[in-house]
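So that you can map any letter, position 46 of the sequence shown is 46 in the numbering used here, and since no number is skipped, the others follow by simple counting.
We treat Cβ as the ideally placed atom computed from N, Cα and C, and that holds for glycine.
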Amino acid sequence: MSLKKTIETIPQIEVIDGYKARFVHSETMTMVFWEVESGASIPIHSHPHEQLSQITEGEFEMYIVGETLILKPGSVLIIPPHIEHGGKALSPCKITDTFNPVRDDYKALSES
Numbered sequence: 001m002s003l004k005k006t007i008e009t010i011p012q013i014e015v016i017d018g019y020k021a022r023f024v025h026s027e028t029m030t031m032v033f034w035e036v037e038s039g040a041s042i043p044i045h046s047h048p049h050e051q052l053s054q055i056t057e058g059e060f061e062m063y064i065v066g067e068t069l070i071l072k073p074g075s076v077l078i079i080p081p082h083i084e085h086g087g088k089a090l091s092p093c094k095i096t097d098t099f100n101p102v103r104d105d106y107k108a109l110s111e112s
């Protein structure tokens with residue numbers, strides 16, 4: 001079964017300060033549409049999911065494997081499972097993340 005939605009109709013949830021998310025879950029993946037406030041940071045963390053990140057608006061400073069990257073619109077980043085990463089928004093940002101397998105923690109947030 002396919003389900004069509006528009007991003008704007010998906011409820012937005014503030015996951016941590018300055019990070020608002022809209023979640024879409026399939027059987028094997030989670031897609032997250034983030035709106036991030038300028039200056040908002042996400043601590044260094046890792047997870048068992050493969051992650052693909054695309055910056056669609058703004059600039060984001062990403063720390064990954066001892067490197068600091070400045071991501072701009074059009075930037076795409078592949079984050080393998082269990083790799084430590086984190087960062088902060090240098091300006092208001094829109095970021096799309098895709099995770100495999102499904103993020104059960106995010107699924108629980110979007111179902112509550």
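Whole-Å CB distance - residue i paired with residue j, under 8 Å assumed
i: GLY87; j: GLU61; result: 5 Å
i: ASP97; j: SER53; result: 5 Å
i: GLN51; j: ILE79; result: 4 Å
i: PRO101; j: THR28; result: 6 Å
i: LYS107; j: THR30; result: 7 Å
i: HIS47; j: ILE64; result: HIS47 to ILE64, Cβ: 13 Å. No contact.
Contacts around residue i, its chain only, beta-carbon distance under 6 Å, and the 5 residues preceding and following it disregarded
i: MET1; result: For MET1, the predicted model reports a pLDDT of 45, less than 50, meaning its position is unreliable and no value from the coordinates is stated.
i: ALA89; result: VAL36, SER38, ALA40 and PHE60
i: LEU71; result: ILE55, PHE60 and MET62
i: ALA21; result: ILE13, VAL15, VAL32 and TRP34
i: SER75; result: ILE55
Residue i, DSSP secondary structure in three states
i: ASP17; result: coil
i: LEU109; result: helix
i: MET1; result: The predicted model places MET1 with a pLDDT of 45, which falls under 50 and marks its position as unreliable; any figure quoted below should be read in that light. Residue state, collapsed to three classes: coil.
i: GLU8; result: helix
Own chain partners of residue i with C-beta closer than 7 Å, once the 5 adjacent residues on each side are dropped
i: TYR19; result: TRP34, VAL36, ALA40 and ILE42
i: SER103; result: Per the sequence presented here, residue 103 reads as Arg, with Ser not at that position. THR30 and HIS49, listed in sequence order.
Proximity winner among the options, relative to residue i (alpha-carbon distances)
i: ILE83; options: ILE44, MET31 and ILE10; result: ILE44
i: ASP105; options: THR9, PRO81, THR68 and HIS49; result: HIS49
i: PRO92; options: GLU57, LEU109, SER75 and LYS5; result: GLU57
i: ILE95; options: PRO11, PHE23 and LYS5; result: PHE23
Cβ neighbours of residue i in the same chain (closer than 8 Å, five flanking residues each side left out)
i: THR68; result: GLU61 and MET62
Where in the segment 19-49 do unbroken runs of the beta strand (DSSP E), each at least 3 residues long, occur, reported from the N-terminal end onward? 19-25, 30-36 and 41-45
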